[in-house]
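Chains as they are written, first to last, in my numbering: chain W, 2 to 362; chain C, 2 to 362; chain Z, 2 to 362; chain B, 2 to 362; chain S, 2 to 362.
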């Protein structure tokens with residue numbers, strides 16, 4: 002009961018898990034933790050020769066950049082000011098379900114086509130204090146512009162910005178579909194880092210188990226299992242989504258870009274495979290740990306058994322001659338005492354030989 | 002034997018599980034618990050401008066509302082008065098198999114097309130006294146009307162009624178197919194709540210296991226496993242059903258609505274994924290619990306072994322000099338007693354060092 | 002070795018498992034237990050207005066009923082008189098492989114199309130003395146007649162006969178395809194009863210485990226596992242078979258009947274799902290049982306450890322002053338005895354506190 | 002290390018597992034154990050009216066029989082004389098890959114079409130000294146002839162020869178495709194025998210476990226698992242192969258024969274199902290065995306605990322009054338001894354009641 | 002903590018696992034260990050009559066061989082000198098993604114078509130010091146030439162070179178597609194060797210477990226599991242890749258070669274099957290090991306229990322008559338001592354009989 006008390010912060014977070022039951026689809030409610038107070042919007046308007054970067058304040062400032070034939074990347078950080086976001090979305094005619102899904106940060110990753118718009122939900126992963134955390138990144142792109150939405154101010158896309166700053170690159174020459182690929186690619190690149198961390202933790206546990214220092218192995222194993230489950234949840238649905246994007250017939254994604262998407266698809270499969278292998282490894286480690294415990298118990302039991310089975314009979318012999326009967330002939334014999342010692346030594350030697358034969362010593 | 006006695010209420014319920022063997026298909030028998038005495042029928046006749054809500058008594062009162070071109074939602078509560086329901090169904094030409102399935106509350110969830118009519122069986126879940134209970138909700142819709150059937154008076158669809166009360170919404174503008182979507186959506190919304198409760202219980206067990214207070218962990222784990230199995234049974238078959246509805250070529254489900262159905266399909270997949278992840282988590286918790294028990298046993302054994310292996314040899318030494326032999330030279334020596342103490346202390350130190358090296362202390 | 006002896010009856014049964022190696026396909030050998038001495042044939046010739054039921058003796062008597070345009074159901078009980086059956090089959094031109102499969106009662110359930118004839122193998126299940134037994138029921142139907150074959154005289158199809166006795170029902174109006182559906186449906190109806198029994202047994206084990214009275218849990222769990230495996234074997238292959246019958250293009254199965262077959266297909270899926278869920282439940286129960294055993298062992302060990310670790314040191318102290326050294330100053334002191342008691346009580350209190358802190362008491 | 006020594010014969014056998022790395026495809030190397038010194042060839046040239054059987058010496062003798070329009074079955078035993086076989090194969094234009102695969106007895110079973118020729122690899126199973134052994138049987142057939150190759154002189158196809166000796170049978174009337182079916186069918190017939198043996202072994206283990214005589218259960222279980230794995234490996238790939246043969250469009254396999262192949266396909270599925278069920282059974286038996294061991298340990302521990310916890314405190318009491326303090330008032334009292342006995346009996350009764358309540362006695 | 006220190010070399014290796022996050026696709030970074038300092042290039046220009054082998058220094062030397070109509074195999078060893086390799090790739094117009102993937106040695110195996118070029122990533126496996134190591138081999142081929150890239154100087158393809166040296170072979174007559182097949186085939190041939198080694202290790206563990214010498218079984222089992230996981234990762238993705246190559250419609254792979262590819266595909270399936278079987282075997286071995294440990298513990302416990310339960314009561318009896326009460330009538334009786342012995346012997350016989358009945362002795 003008192004435990005329930007302690008857990009309350011967790012449960013408050015849980016209450017954010019879903020919107021009110023039965024609300025209409027398209028009802029805009031932000032579901033998730035509030036990570037940023039104000040919405041920050043940054044516009045990247047580019048073609049092969051030119052790159053304009055601007056932080057904007059009002060939605061109106063946004064329009065002249067976006068409604069041009071050259072590609073524009075609008076980066077939006079913070080999902081709390083729904084009114085403000087709604088104005089933006091209405092301006093660029095986002096489908097109501099897209100709007101709802103951007104705000105619901107408990108979505109599973111997916112890629113969906115809404116005719117003129119393609120909508121992607123991705124999960125940015127990072128490890129903080131040994132916990133696997135995630136931030137939802139949504140991307141909407143059409144033939145002319147691309148919007149990215151993220152919950153916090155984390156500089157996830159910094160490398161993209163650096164590459165965008167260089168003239169005459171494929172990124173500058175290509176349209177929003179390539180930019181969408183680039184955003185997806187970078188997030189999956191981060192996954193490899195997480196995977197590496199998990200691999201390393203598994204190796205540490207393995208080394209600890211070899212070394213016999215496995216006091217914390219159990220909790221470490223459980224923690225990694227939990228991380229693997231969460232990780233898998235974030236990447237597994239992407240496999241099919243990316244493939245359906247590759248097979249997509251619309252002109253929104255160019256054939257050139259599809260080759261690159263195939264590459265991303267390959268990476269997701271590689272990560273999913275590694276996760277599955279890791280799961281198997283962890284399961285094998287758990288078996289090993291369990292057997293280690295049994296082995297240790299066996300050793301403890303052996304020591305107890307050896308000591309007890311040697312000394313209990315000896316103590317019995319000593320006890321016999323500690324009895325106070327008046328008529329015990331042995332008591333008066335002269336060599337009784339050394340004979341008693343002799344018997345006890347013989348018993349001990351017999352026991353030791355028995356244990357040696359049993360391979361317990 | 003006496004156990005069988007105690008279980009009888011359960012078995013009585015079990016007897017409701019199926020109708021008489023070999024009865025003709027379309028034989029109308031109510032299979033399930035009786036949750037409501039009288040059948041309650043409420044009609045919602047609506048278009049964009051108008052909403053008529055009426056509780057009706059006789060089937061005849063029903064007809065003028067339903068046989069109009071604008072959509073009508075007939076909400077039926079209680080499945081016991083078969084004669085009464087039969088009259089209703091005959092009036093609106095329900096297929097015999099639909100009639101049979103509405104009454105059989107042990108159906109698995111499904112969506113089936115009977116030409117002009119689409120028939121859905123859904124499972125409303127709720128947790129009462131820590132038990133996962135379910136109520137069957139059936140929906141039949143055509144191009145002009147939609148019927149919903151439920152077992153009890155639970156106000157499952159209250160939020161729908163509230164939304165229906167508002168003019169000019171998508172719900173008021175759309176037909177029975179959208180209403181069918183809305184009913185399905187709300188039931189799946191409830192699932193997220195149940196999922197949250199289960200997640201919370203898993204977290205509590207996890208915390209208890211970390212804290213070592215796992216006296217009830219075993220039964221909690223088994224209870225959650227049972228809930229997960231039942232839950233999965235209620236949602237798993239929906240995945241394919243919804244997808245086949247989306248791919249359906251008939252004009253009964255409009256393309257607009259299909260986008261929303263895709264959203265529902267997404268939610269079901271998300272829930273199934275979460276259930277699978279939970280199952281894995283619970284399995285990991287069980288492993289952890291099992292290992293915990295082994296660890297505790299190990300600790301108990303270590304204490305026993307340490308105490309016993311230290312004191313049993315000492316007691317033996319004391320026993321030796323408790324013997325009453327007449328000729329035991331040591332007994333008469335002046336320093337025998339302190340020497341005996343010395344030996345015993347040395348043995349003890351040796352044992353302690355041995356245990357330290359073994360990492361048992 | 003002596004065990005092999007005891008098992009001989011089982012092995013004799015096993016020898017019935019297959020016909021002679023390498024015999025030609027279509028070689029007619031009855032494989033299975035002999036359950037009935039004489040072949041019993043009953044003819045049901047019916048249309049909407051008329052129903053003739055007749056037990057026949059010679060094959061010749063059979064012909065006038067079967068070779069009419071209205072549907073005829075020929076019910077054959079007993080598979081031993083191969084000569085007699087062969088005459089029957091030749092008359093109605095059964096394919097050699099059908100003939101062979103009817104006699105081989107170890108067949109897995111299946112539905113196969115041989116052009117003009119559709120052949121179904123079904124498994125009738127019943128529980129006797131806690132054992133799951135099965136009887137093979139084969140059905141062959143064409144556009145004009147339907148034959149059912151069963152091993153024993155069990156009145157499996159009694160409810161069908163009762164329904165057939167009523168005029169103007171769907172059964173009387175429809176052809177052999179509907180009758181085939183009805184036969185299949187009734188057998189699957191029996192499955193629900195078996196499922197119920199198994200569910201009940203699982204609940205009893207569950208209650209016993211909760212109550213701690215799990216002496217027989219292990220064997221009950223194994224028995225149920227065995228039943229689930231056998232049950233699954235009898236129903237699993239039907240899933241695909243029924244679906245391929247539904248998708249069948251031939252005119253042998255009418256569209257109307259296909260709707261009913263879809264219902265049967267639904268039932269089989271429901272049963273398979275339940276079996277899988279039961280399997281998972283049983284597996285969870287086994288885990289629970291295993292953990293229960295470990296817990297009990299833990300408790301036993303704790304009692305041993307507490308008693309032993311408290312009294313072994315005390316006995317040692319008592320042993321010290323039971324030594325017979327001539328020079329033991331404490332022996333002569335006046336308050337030695339009460340002091341010794343004091344020390345022993347302090348040691349006991351210390352131990353108890355230690356155990357309390359460890360939560361062992 | 003010394004173990005490796007002991008295992009050397011096994012490893013020598015293993016070296017036969019594959020040909021030299023990087024040798025050209027079609028390089029003819031016999032891979033497997035040498036089971037027969039000389040190649041034995043027997044020719045069966047038959048049509049409906051005539052059957053010529055002849056053991057031949059030189060390849061040239063072979064030609065007049067095979068190059069006739071009526072079907073010829075050439076049975077080849079022994080795979081060691083590669084030169085000799087090569088001559089044969091060249092004569093009848095076997096594809097190089099077929100030649101290679103016939104010689105490699107580690108092939109998995111498969112059916113492959115090489116245009117005019119269909120090539121089948123099958124595994125003949127038999128149990129010798131409790132070990133599951135296999136012999137590879139390869140079959141090549143065209144429209145006019147069929148070759149079978151086997152490693153040893155085992156009379157696998159004796160029943161075929163007996164049937165072939167009878168005039169006017171389907172076998173004599175049909176072509177090589179039917180003969181191919183017959184060969185495959187007989188090998189799968191043998192599988193049922195093996196399956197029966199395994200079933201019987203499982204039943205014996207089950208009975209032993211029930212009877213508590215499970216000393217060898219562990220090794221028996223492991224042995225059966227190994228057999229099931231090997232068995233599955235020999236039959237599993239056949240499923241798809243046979244089905245692709247049934248769907249084959251070429252005229253090599255006649256429609257009539259395909260009906261019979263469907264029957265074989267059915268048998269393979271039935272065997273695979275049984276193997277899977279057996280695997281589950283064995284797994285359940287292992288669980289049972291494991292729990293049995295825990296139960297036994299529990300019982301051992303209970304006896305120890307009961308004896309130890311009763312007598313250790315009593316021994317302590319006796320120890321107290323074995324002390325030699327000069328001033329112990331109880332020692333002088335007249336009724337001390339009977340009182341001491343009284344206390345000890347009370348302690349014993351208390352303990353026994355405690356154990357009774359715990360259900361340990 | 003100190004463990005992390007020790008692991009640092011591993012982690013440095015891990016850092017090679019991926020390139021910088023967010024770098025553009027096609028950015029050329031070598032990912033993997035540096036195994037060779039200088040890039041070594043060897044050209045094999047051949048047709049049926051002629052074979053020119055030449056080690057070249059500058060890229061320019063390469064061109065006259067490759068840009069001829071007859072097939073040329075360019076073998077490249079060492080992946081570190083990116084500038085040098087880039088020059089080569091630019092000359093022969095490799096797709097940027099191919100270039101990137103050749104350098105990234107953490108790729109999963111795959112076969113991809115880039116229009117005119119087909120790109121294959123393969124994993125060469127070898128066991129060194131009991132560890133399963135891998136080297137990535139990439140192959141690019143067009144209609145006219147084939148390039149192979151490997152990390153080290155290992156003479157993997159020596160057998161190919163030997164076969165290539167022979168005139169008039171299929172290899173000399175065929176084009177780069179056949180050479181690609183040959184390279185793939187040889188790598189998979191090596192897999193059989195690894196498989197054999199793993200099989201052998203499994204057999205050794207099995208023998209050790211039978212012999213009861215299972216001290217290292219646990220670590221061996223874990224090691225093999227790890228190897229199986231890694232092995233599977235290297236071969237599993239090839240299955241689909243090869244099949245898609247076989248189904249490929251382009252003219253790059255000739256129909257003749259496809260027959261051989263089918264053979265390779267067969268081998269990969271065979272290996273994957275064997276790996277799965279091995280995994281099951283290892284799992285069964287682990288179960289066996291676990292049960293072995295329990296059995297041993299049982300035996301240890303039995304010895305302890307037998308000794309302790311026999312001698313503890315005896316010691317108690319001896320303790321009774323070691324008490325120093327003044328009034329203990331038995332002490333003065335003449336036959337007390339032999340009677341005490343008698344009682345003790347009777348108790349012992351009783352205990353032994355009890356243990357015999359329990360089958361513990």
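Beta carbons are placed, not taken as given, at the ideal position from N, Cα and C, and that holds for glycine.
These figures come from a predicted structure and were not determined experimentally.
### Task
Pull up the distance between the alpha-carbon of residue 145 of chain C and that of residue 141 of chain Z, whole angstroms please.
Cα to Cα, the separation comes out at about 44 Å.
### Task
Identify the contact partners of residue 337 of chain W in chain C, using a Cβ-Cβ distance below 9 Å as the criterion.
Under the 9 Å cutoff, chain C gives 324, 326, 327, 328, 329.
### Query
When you compare only the Cα positions, how much space is there between residue 318 of chain W and residue 285 of chain Z?
C-alpha separation (whole angstroms): 51 Å.
### Query
When we look at the beta-carbon of residue 38 of chain W and count the other beta-carbons within 10 Å, is it buried (16 or more) or exposed?
Exposed.
#### Entry: Beta-carbon contacts of residue 258 of chain W that lie in its chain and below 6 Å, excluding the five residues immediately before and after
Hits under 6 Å: 178, 179, 182.
### Query
Cβ of residue 271 of chain W less than 8 Å from any chain S Cβ?
The beta carbon of residue 271 of chain W sits closer than 8 Å to some beta carbon of chain S.
### Message
Assuming contact is defined by CB atoms lying nearer than 8 Å, are residue 361 of chain C and residue 313 of chain C in contact in what I supplied?
### Response
No, the Cβ-Cβ distance between residue 361 of chain C and residue 313 of chain C is not below 8 Å.
### Task
Could you check if residue 2 of chain Z is buried or exposed, using at least 16 other CB atoms within 10 Å of its CB as the buried criterion?
Note that residue 2 of chain Z scores a pLDDT of 35, beneath 50, so its modelled location is shaky; the value from the coordinates is reported in the next line. The residue in question, residue 2 of chain Z, is exposed, as its Cβ has fewer than 16 Cβ neighbours within 10 Å.
### Task
Please check if any C-beta of chain W sits within less than 8 Å of the C-beta of residue 245 of chain C.
At a cut-off of 8 Å between beta carbons, residue 245 of chain C makes no contact with chain W.
### Contact test: residue 360 of chain B Cβ vs the ligand GTP heavy atom, cutoff 7 Å
This structure lacks the ligand GTP, and indeed carries no ligand of any kind.
#### Entry: Candidates B/230, B/82, B/109: closest to residue 238 of chain B by CA position
Nearest C-alpha to residue 238 of chain B: B/109.
### Message
Does residue 217 of chain C come out as helix, strand or coil in the three-state DSSP assignment?
### Response
In the structure shown, residue 217 of chain C sits in coil (DSSP, three-state: anything other than H, G, I, E or B).
### Query
From residue 134 of chain B to residue 223 of chain C, what does the alpha carbon distance come to, in whole angstroms?
Distance between residue 134 of chain B and residue 223 of chain C, taken at the CA atoms: about 44 Å.
### 8 Å Cβ cutoff, residue 287 of chain B in contact with chain S
Interface criterion met: the Cβ of residue 287 of chain B is under 8 Å from a Cβ in chain S.
#### Entry: Straight-line Cα distance separating residue 95 of chain Z from residue 71 of chain Z
Computed Cα separation, rounded: 20 Å.
### Query
At a cut of 8 Å, does the segment 252 to 271 of chain B reach the segment 124 to 131 of chain B through at least three beta carbon pairs?
The segment 252 to 271 of chain B is not in contact with the segment 124 to 131 of chain B.
### Partners in chain C for residue 1 of chain W, counting only beta-carbon separations shorter than 9 Å
This structure cannot speak to residue 1 of chain W, because chain W is shown only from 2 to 362.
### Query
What does a CB cutoff of less than 8 Å around residue 203 of chain W pick up in its chain, not counting 5 residues either side in sequence?
Counting only Cβ-Cβ distances below 8 Å, and skipping sequence neighbours, we find 225, 279, 282, 283, 286.
### 9 Å Cβ cut-off: residues of chain B touching residue 240 of chain S
One finds nothing in chain B with a Cβ atom closer than 9 Å to the Cβ of residue 240 of chain S; even the nearest lies about 13 Å away.
### Task
Find the residues of chain B that neighbour residue 156 of chain S, judging by a C-beta separation of less than 7 Å, and give them in chain order.
Those within 7 Å of residue 156 of chain S in chain B number zero; the least Cβ separation is about 11 Å.
### Query
Any Cβ of chain S within less than 8 Å of the Cβ of residue 295 of chain W?
It does; some Cβ of chain S falls within 8 Å.
### Query
Is residue 188 of chain W closer than 8 Å to residue 232 of chain W when the C-beta atoms are compared?
It is not a contact, given that the beta carbons lie outside the stated cut-off.
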